[in-house]
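**Student:** Structure in structure tokens, see below.
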RNA sequence: GCGCCGUUGGUCCAGUGGUAGGACAGUGGCUUCCCAAGCCACUAGCCCGGGUUCGAUUCCCGGACGGCGCACCA
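Numbering (the numbering used here), first residue to last: 114 to 689.
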């Protein structure tokens, strides 16, 4: 617990993150990133963008956070995000009403029922409160949806929701995105943005909040023909905690990507591929890989869209925190949107060679069907088309009969325009499958702060530091004058300005004594300090101090920008 | 949402039925030529609402927020 206490104290005191709206009593589940935290978070996002968008050649978009109800009807969030809550009038405990009903009856999908029906079932089966035993028959079943609702425009005729995941903003634009991708699979579309969930009980600082930042990649693939570039990650060693290991009290196992696939520990090549790609990302932003694992979802844990799913988890304060979900979503989302909307969510897959197929078709004589069947004529045509595809022998006789809504309609075959023709097909429409790595940026920032925060001893004094990788540290270099007199401070300001002009994140600090300033920078994770001293006035050199070792070396002011650049690129202090 | 515990300067804490004290941090000054030193001064606080009381930061009730447990976590 003390790791978490120290972390939230540091976060507040140094401006990484803190509860929002405290002047008005605070709002549970909402956090503000302070100056240091906003910079750190932005840098983490930039590293993600560099690796998952730029390097892998994917594209990035930015969609609205408010989306209309129809989107969530299609995605399934309106139904499955809706919990039925039942509160005991006696002891006050709340229960999942659908679960109570499922336990008391042989119903096993009460979740899909309307709240009224569940309430009736509770009454009919004399369901009692599991906590205190009092009957629950007269208690109301209330729907609690985890999505934040709103109205689009005036009035309530056009309900909308704050998106519970950024993914839907990508899926709904698929028809246009595939055009942009020139109708070629595979292609990946990423988005970094806010998502919202009206959590019942926000907990543990940034771990469970109501507004958070996701970085999601939706990689659209042809399930039959597209393979991941496994050669990029074959030898990456993965710390895997499989479902089997979890159920049998087993341990974490280390396998390379290639081994994991061969042994069947990870089933999907695509999921395995992204587990491999992501590992270097976690390392780059400063996650302690000794406190990191990939955990497979247990069968009962799989979400409504996921076929196989692994989470990346970090250990913070004794708890494992989910920081990424790697899901093979199959064609679930695109298929749903294709069905609910008016657009096609498919791509055309061209055959290598056009195929000639024999096909049974109908071309009904509407001047006969219309007058004969009236309003049912359209449905009869549909039924005839289906029948022709299914069973062409039905058209062998003089008359053919189809069923529409329990009514039989019989008509002469000659009026159906039935024919068997040879058609040339150059391809087919397929619904792409989706591989989705979905990162929780806030939780990653939190993990990195926890993992990089430490204390040690320098010259007999305790030191608190944040060993952030240079690539994500809010400040790259701090410039400090040894004294604020004899022109040292003016010279130091010049040095700071020149480093800023060279493009670095620079902090200038001249309050308190020199040791205090070093410690301050250590605590916000600044990797390098440049000190202007009396020698600087003589020979135009400064000292460069390294955060982790506290070692120093002298560098000419003229070479300083170049030296810092080399340090950032990985050079050691001794190599300057 | 339920239960238990908590909420006092920026941070971490002490304390009181008569409006509060420390440590650290911060600011200014002195000192100091490289790692939270010293001296002086200063800034700054009782979560919100209601009740009891002559008087509430303190006691009671409610709320908000936080920690933990339960539940929940697509």
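Even glycine gets a Cβ: it sits at the ideal position worked out from N, Cα and C.
All of these numbers come straight from a predicted model, not from anything done at the bench.
Whose C-beta lies closer than 6 Å to the C-beta of residue 565 among residues of the same chain, with five residues either side of it excluded?
**Tutor:** Hits under 6 Å: 399, 579, 580, 581.
**Student:** For residue 383, which residues does DSSP report across the bridge?
**Tutor:** Answer is none; residue 383 lacks a bridge partner.
**Student:** Would the segment 587-596 count as touching the segment 557-577 if we require 3 or more Cβ pairs under 8 Å?
**Tutor:** With the cut-off at 8 Å, the segment 587-596 and the segment 557-577 do not touch.
**Student:** Check whether the Cβ atoms of residue 275 and residue 263 lie closer than 8 Å to each other.
**Tutor:** Result yes, Cβ atoms of residue 275 and residue 263 sit closer than 8 Å.
**Student:** At what residues does the beta strand (DSSP E) containing residue 659 begin and finish?
**Tutor:** From DSSP, the beta strand (DSSP E) with residue 659 extends over 654-659.
**Student:** Cutting at 7 Å between CB atoms, please list the residues of its own chain near residue 404, excluding the five before and the five after it.
**Tutor:** Correct list, in chain order: 427, 428, 564.
**Student:** Can you pull the DSSP bridge partners for residue 249?
**Tutor:** Beta-bridge pairing links residue 249 to no other residue.
**Student:** By the 10 Å Cβ neighbour count, where 16 or more other Cβ atoms means buried, how is residue 677 classified, buried or exposed?
**Tutor:** Buried: at least 16 other Cβ atoms inside 10 Å.
**Student:** Pull up the distance between the alpha-carbon of residue 269 and that of residue 180, whole angstroms please.
**Tutor:** Residue 269 and residue 180: Cα-Cα distance of roughly 14 Å.
**Student:** Helix, strand or coil for residue 483 per DSSP?
**Tutor:** Helix, per DSSP.
**Student:** Just verifying my parser: in three-state terms, what is the DSSP assignment at residue 553?
**Tutor:** In the structure shown, residue 553 sits in a strand (DSSP, three-state: E or B).
**Student:** With respect to the beta strand (DSSP E) encompassing residue 363, which residues constitute its N-terminal and C-terminal limits?
**Tutor:** Run containing residue 363: none; DSSP gives neither H nor E here.
**Student:** Are the CB atoms of residue 593 and residue 623 nearer to each other than 8 Å?
**Tutor:** Contact: yes.
**Student:** Secondary structure at residue 675, three-state DSSP: helix, strand or coil?
**Tutor:** Reduced to three states, the DSSP call for residue 675 is helix.
**Student:** Quick check on the DSSP output: the beta strand (DSSP E) that includes residue 570 runs from which residue to which?
**Tutor:** First-last of the beta strand (DSSP E) with residue 570: 566-571.
**Student:** What residue range is occupied by the uninterrupted beta strand (DSSP E) comprising residue 334?
**Tutor:** First-last of the beta strand (DSSP E) with residue 334: 324-334.
**Student:** Using alpha carbons as the reference points, say which of 390, 381, 542 lies closest to residue 459.
**Tutor:** Minimum Cα distance to residue 459 is reached at 542.
**Student:** Pop quiz: residue 425 and residue 407 are said to be a contact at Cβ under 8 Å. What is the actual Cβ separation, rounded to whole angstroms?
**Tutor:** Right, the Cβ-Cβ distance comes to about 6 Å (below 8 Å), so this counts as a contact.
**Student:** Is it right to say residue 291 is buried, meaning 16 or more other beta carbons lie within 10 angstroms of its own, or is it exposed?
**Tutor:** By the 10 Å Cβ count, residue 291 comes out buried.
**Student:** Just checking my contact of residue 188 with residue 304 at CB under 8 Å: how many whole Å lie between their CB atoms?
**Tutor:** About 15 Å separates the two Cβ atoms, so there is no contact after all.
**Student:** Might you give, ordered along the chain, the residues of its own chain that have their beta carbon closer than 6 Å to the beta carbon of residue 638, omitting 5 neighbours on each side?
**Tutor:** So the list reads 579, 581, 586, once near-sequence residues are dropped.
**Student:** Take every Cβ of the segment 535-554, pair it with every Cβ of the segment 509-523, and state whether three or more of those distances are shorter than 8 Å.
**Tutor:** Counting Cβ pairs under 8 Å, fewer than three are found: no touch.
**Student:** Which value, in whole angstroms, describes the spacing of the CA atoms of residue 655 and residue 577?
**Tutor:** Going by the C-alpha atoms only, they are around 25 Å apart.
**Student:** For the beta strand (DSSP E) holding residue 536, just list the boundary residues, first then last.
**Tutor:** Looking at the DSSP string, the run of the beta strand (DSSP E) that includes residue 536 is 532-543.
**Student:** Around the Cβ of residue 114, are there at least 16 other Cβ atoms within 10 angstroms (buried) or fewer (exposed)?
**Tutor:** Bear in mind that a pLDDT of 48 at residue 114, under 50, signals an unreliable position, so the number given afterwards is only what the model happens to contain. It is exposed - the Cβ of residue 114 has fewer than 16 other Cβ atoms within 10 Å.
**Student:** Tell me whether the segment 369-388 and the segment 331-341 touch, counting them as touching only if at least three CB pairs, one residue from each stretch, are closer than 8 Å.
**Tutor:** Yes, they touch.
**Student:** May I ask you to report which of helix, strand or coil DSSP gives residue 128?
**Tutor:** DSSP places residue 128 in coil when its eight states are reduced to three.
**Student:** What does DSSP give as the partner residue(s) for residue 304 in the beta ladder?
**Tutor:** DSSP output for residue 304 lists 329 as bridge partner(s).
**Student:** Please list, in chain order, all residues of the same chain as residue 306 whose beta carbon is under 8 Å from its beta carbon, the five residues on each side excluded.
**Tutor:** These residues qualify, in order along the chain: 175, 176, 178, 279, 282, 326, 327.
**Student:** Indicate whether the contact test is met: 3 or more Cβ pairs, each with one atom in the segment 555-564 and one in the segment 492-505, closer than 8 Å.
**Tutor:** Judged by Cβ distances under 8 Å, the segment 555-564 makes no contact with the segment 492-505, as fewer than three pairs qualify.
**Student:** Mind checking who residue 441 pairs with in its DSSP beta bridge?
**Tutor:** Residue 441 is bridged to 421, 548.
**Student:** Quick one: using the 10 Å Cβ neighbour count with 16 as the cut-off for buried, is residue 554 buried or exposed?
**Tutor:** Classification for residue 554: buried.
**Student:** Kindly give me the distance between the Cβ atoms of residue 129 and residue 150, rounded to whole angstroms, as I take these residues to be in contact under 8 Å.
**Tutor:** Confirmed, Cβ separation roughly 4 Å.
**Student:** Taking all protein chains shown into account, do 16 or more other C-beta atoms lie within 10 angstroms of the C-beta of residue 551, making it buried, or fewer, making it exposed?
**Tutor:** Buried.
**Student:** Taking the beta strand (DSSP E) that residue 577 belongs to, which residues open and close that run?
**Tutor:** Per DSSP, residue 577 belongs to the beta strand (DSSP E) from 574-579.
**Student:** What are the partner residues of residue 524, as DSSP defines its beta bridges?
**Tutor:** For residue 524, which the question treats as bridged, DSSP gives the partners 513.
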